[in-house]
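Novice: Dropping the structure in here first, questions after.
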Amino acid sequence: MHFSLGPLLYYWPKQDVETFYRQAIQSTATDIYLGETVCSKRREMKLGDWMTLAQELQNAGKRVILSTLALIQSPSELKEMQRWIDNGSCIVEANDLGTVQLAYEQKVPFVCGPAINCYNADVIALLLKKGMQRWVMPVELSRDWLAELLQECSARGLRDQFEVEVFAYGHLPLAYSARCFTARALNRAKDDCQLACLQYPQGLTADSQESETVFVLNGIQTQSGHCYNLINQLTEMAGLVDVIRLSPEKETLTWLDKFQTQLQTPSHHPLPARECNGYWQQVAGMQLC
Numbered sequence: 001m002h003f004s005l006g007p008l009l010y011y012w013p014k015q016d017v018e019t020f021y022r023q024a025i026q027s028t029a030t031d032i033y034l035g036e037t038v039c040s041k042r043r044e045m046k047l048g049d050w051m052t053l054a055q056e057l058q059n060a061g062k063r064v065i066l067s068t069l070a071l072i073q074s075p076s077e078l079k080e081m082q083r084w085i086d087n088g089s090c091i092v093e094a095n096d097l098g099t100v101q102l103a104y105e106q107k108v109p110f111v112c113g114p115a116i117n118c119y120n121a122d123v124i125a126l127l128l129k130k131g132m133q134r135w136v137m138p139v140e141l142s143r144d145w146l147a148e149l150l151q152e153c154s155a156r157g158l159r160d161q162f163e164v165e166v167f168a169y170g171h172l173p174l175a176y177s178a179r180c181f182t183a184r185a186l187n188r189a190k191d192d193c194q195l196a197c198l199q200y201p202q203g204l205t206a207d208s209q210e211s212e213t214v215f216v217l218n219g220i221q222t223q224s225g226h227c228y229n230l231i232n233q234l235t236e237m238a239g240l241v242d243v244i245r246l247s248p249e250k251e252t253l254t255w256l257d258k259f260q261t262q263l264q265t266p267s268h269h270p271l272p273a274r275e276c277n278g279y280w281q282q283v284a285g286m287q288l289c
């Protein structure tokens with residue numbers, strides 16, 4: 001197993017983005033995802049900026065994958081996806097079936113991102129025909145589901161045709177909407193959001209009446225209120241998972257070091273109450289087992 005840094009889900013200033021990924025050069029992550037998956041209005045980093053970072057990371061021995069939008073809402077966004085697919089040096093992470101089709105037409109290999117609802121071997125087989133090289137398990141699935149699915153793939157002779165990646169750290173991307181929750185919370189129209197997400201580099205929390213953080217609102221994306229953390233489940237991934245994904249947040253590179261140590265020398269890590277691992281255990285997602 002090896003580690004990846006998933007796409008940045010938040011809207012950070014360009015300098016912060018570049019600083020994070022240049023620090024990531026020194027990290028143990030072998031694969032690094034670059035690009036915007038949430039909102040096309042987030043233009044601090046343009047394709048040329050991402051490709052400059054990609055070149056630096058590749059020169060340092062990292063494998064770079066370009067991530068694409070999870071919700072394509074206009075012809076202009078679809079056209080932009082074509083530019084990302086035609087980048088010339090990186091494979092892409094497809095988070096929408098429209099991107100899968102574009103990649104297939106251009107014969108560009110792709111990673112099936114967690115935003116695509118791929119839950120069984122039939123869909124795996126279809127995506128393999130389209131050019132999939134790696135499948136990122138949807139975040140709400142469990143270890144038991146994964147084991148059963150991979151057993152079915154093995155029975156059909158598919159298992160050795162793709163890698164499996166699991167989201168193991170960060171606030172889970174749960175859902176996407178045409179509405180922008182951050183703009184709405186500030187009483188702004190989506191078309192006049194004034195790039196409100198820049199004010200919330202870790203998202204905007206949504207609490208229950210009991211004052212428990214249930215969700216994090218991140219533009220059009222709804223995330224888990226608690227941070228997902230599977231550091232104590234790494235040994236359970238042996239034989240099932242090829243790539244362990246950590247999502248970029250302020251503490252991610254520190255946690256990546258802890259994950260690497262845990263992989264080499266397993267021990268139990270006490271986790272704070274604001275973290276969770278329920279989905280992997282096939283219980284309520286907010287639970288910490």
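The numbers in the UniProt record's numbering rise by one with no breaks, and the one at position 135 of the sequence shown is 135. The C-beta atom is built at its ideal place from N, Cα and C for all residues, glycine as well.
1. Which of the three DSSP states is assigned to T37 in this structure?
2. Decide if A289 is buried, meaning its Cβ has at least 16 other Cβ atoms within 10 Å, or exposed.
3. Can you tell which of S177, L240, T252 and K14 has the C-alpha that lies nearest to the C-alpha of N218?
4. Within the present structure, is the beta-carbon of A60 separated from the nearest heavy atom of the ligand GTP by less than 7 angstroms?
5. For R63, collect the residues of the same chain with a Cβ closer than 8 angstroms to its Cβ; drop the 5 residues on either side in sequence, then sort them by chain order.
6. For D49, decide whether its Cβ has a neighbour in chain C, counting only Cβ atoms nearer than 8 angstroms.
7. Evaluate the contact criterion for the segment 86-104 versus the segment 46-54: three or more CB pairs, one atom per stretch, below 8 angstroms.
8. Taking C-alpha atoms, which residue in C276, P75, S74 and K46 lies nearest to L66?
9. Can you give me the start and stop residues for the alpha helix (DSSP H) that L57 sits inside?
10. From which residue to which residue does the beta strand (DSSP E) around S67 run?
11. Excluding the 5 residues flanking Q82 on each side, which residues of the same chain have their C-beta closer than 7 angstroms to its C-beta?
12. Work out the CA separation of A94 and E80 for me, nearest whole Å.
13. My output table needs one value for G285: the three-state DSSP class, helix, strand or coil.
14. Expressed to the nearest angstrom, what Euclidean distance is found between the alpha-carbon atoms of E140 and Q26?
15. Whose C-alpha, out of T235, R179, A115 and S74, is nearest the C-alpha of V136?
16. Could you work out which residue in Y11, V17 and Y21 is closest to S4 when comparing CA atoms only?
17. Please state whether DSSP places P7 in a helix, a strand or coil.
18. How about D242 and V164: are their beta carbons less than 8 angstroms apart?
19. Under the rule that 16 or more other beta-carbon atoms within 10 Å means buried, what is L126, buried or exposed?
20. Specify the secondary structure class of M132 as computed by DSSP and reduced to three states.
21. Rounded to a whole number of angstroms, what is the C-alpha to C-alpha distance between Q161 and A189?
22. Rounded to a whole number of angstroms, what is the C-alpha to C-alpha distance between Q264 and L34?
23. Could you give the DSSP three-state label for G219: helix, strand or coil?
24. Grouping DSSP H, G and I as helix and E and B as strand, with all else coil, what is Y21?
25. From V214 to S208, what does the alpha carbon distance come to, in whole angstroms?
26. Using a Cβ-Cβ cutoff of less than 8 angstroms, which residues in the same chain neighbour Q287 once the five nearest sequence positions on both sides are dropped?
27. Could you tell me whether the Cβ atoms of G225 and T205 are closer together than 8 angstroms?
28. Could you tell me which uninterrupted beta strand (DSSP E) segments, each at least 3 residues in length, are contained entirely in the segment 109-192, listed from first to last along the chain?
29. Name the DSSP beta bridge partners of R245, please?
Specialist: On the basis of the supplied data:
1. Taking the sequence shown and counting its residues from 1, one reaches residue 37 at position 37. Looking at T37 - three-state DSSP - the assignment turns out to be coil, as it is neither helix nor strand.
2. As a position in the sequence shown, residue 289 is number 289, starting the count at 1. Before going on, a small fix: residue 289 reads as Cys here, not Ala. Exposed, because fewer than 16 other Cβ atoms sit within 10 Å of the Cβ of C289.
3. Here residue 218 corresponds to residue number 218 of the sequence shown, with the count starting at 1. Shortest Cα-Cα distance from N218 to any of S177, L240, T252 and K14 involves S177.
4. For the ligand GTP, the structure offers nothing, since it holds no ligand at all.
5. For the purposes of this step, residue 63 is taken as residue 63 along the sequence shown, with counting starting at 1. Once the five neighbours on either side are set aside, the close Cβ partners of R63 are T30, D31 and I32.
6. Among the chains in the structure shown there is no chain C, since it carries only a single protein chain.
7. Because the criterion of three Cβ pairs below 8 angstroms is met, the segment 86-104 and the segment 46-54 touch.
8. In the sequence shown, counting from the first residue as 1, residue 66 sits at position 66. The residue from C276, P75, S74 and K46 with its alpha-carbon nearest to that of L66 is K46.
9. Here residue 57 refers to the residue found at position 57 of the sequence shown. Unbroken alpha helix (DSSP H) run through L57: L47 to N59.
10. As a working mapping, residue 67 is identified with position 67 in the sequence shown. Element bounds for S67: R63 to S67.
11. As a first step, residue 82 must be located in the sequence shown, where it is residue number 82. Sequence-distant partners of Q82 (beyond 5 residues in either direction) whose C-beta falls short of 7 angstroms from its own C-beta, in its chain, are L102.
12. Residue 80 sits at position 80 when you count from the first residue of the sequence shown. Residue 94 sits at position 94 when you count from the first residue of the sequence shown. Taking the straight line from one Cα to the other gives about 13 angstroms.
13. On the sequence shown, position 285 is the one that residue 285 refers to. For G285, the three-state secondary structure derived from DSSP is coil.
14. Locating residue 140 in the sequence shown gives position 140, where the first residue counts as 1. Locating residue 26 in the sequence shown gives position 26, where the first residue counts as 1. Cα to Cα, E140 sits roughly 31 angstroms from Q26.
15. In the sequence shown, counting from the first residue as 1, residue 136 sits at position 136. Closest by alpha carbon: A115.
16. Taking the first residue of the sequence shown as 1, we reach residue 4 at position 4. Nearest in C-alpha terms to S4, of all of Y11, V17 and Y21, is Y21.
17. One-based indexing of the sequence shown puts residue 7 at position 7. DSSP, read as helix, strand or coil, puts P7 in coil.
18. Working through the sequence shown from its first residue, we reach residue 242 at position 242. Working through the sequence shown from its first residue, we reach residue 164 at position 164. At the C-beta level, D242 and V164 come within 8 angstroms of one another.
19. What you label residue 126 is simply residue 126 of the sequence shown in a count that begins at 1. L126 comes out exposed.
20. Mapped onto the sequence shown, residue 132 falls at position 132. Looking at M132 - three-state DSSP - the assignment turns out to be strand.
21. Taking the sequence shown and counting its residues from 1, one reaches residue 161 at position 161. Taking the sequence shown and counting its residues from 1, one reaches residue 189 at position 189. Take the alpha-carbon of Q161 and the one of A189: they are about 45 angstroms apart.
22. Taking the sequence shown and counting its residues from 1, the one referred to as residue 264 is at position 264. Taking the sequence shown and counting its residues from 1, the one referred to as residue 34 is at position 34. Take the alpha-carbon of Q264 and the one of L34: they are about 27 angstroms apart.
23. Within the sequence shown, numbered from 1, the residue matching residue 219 stands at position 219. G219: coil per DSSP, three-state reduction.
24. Indexing the sequence shown from 1 puts residue 21 at position 21. DSSP places Y21 in the helix class (H, G or I) of the three-state scheme.
25. Along the sequence shown, read from residue 1 onward, the residue named residue 214 stands at position 214. Along the sequence shown, read from residue 1 onward, the residue named residue 208 stands at position 208. Taking the straight line joining both Cα atoms gives about 6 angstroms.
26. Locating residue 287 in the sequence shown gives position 287, where the first residue counts as 1. Within the same chain, Q287 has close Cβ partners C276, N277, G278 and Q281.
27. In the sequence shown, counting from the first residue as 1, residue 225 sits at position 225. In the sequence shown, counting from the first residue as 1, residue 205 sits at position 205. For G225 and T205, yes; Cβs fall inside 8 angstroms.
28. The qualifying runs are 110-112, 132-136 and 163-176.
29. Reading the sequence shown from its first residue, position 245 is the one you call residue 245. In the DSSP assignment, R245 is bridged to S4 and F167.
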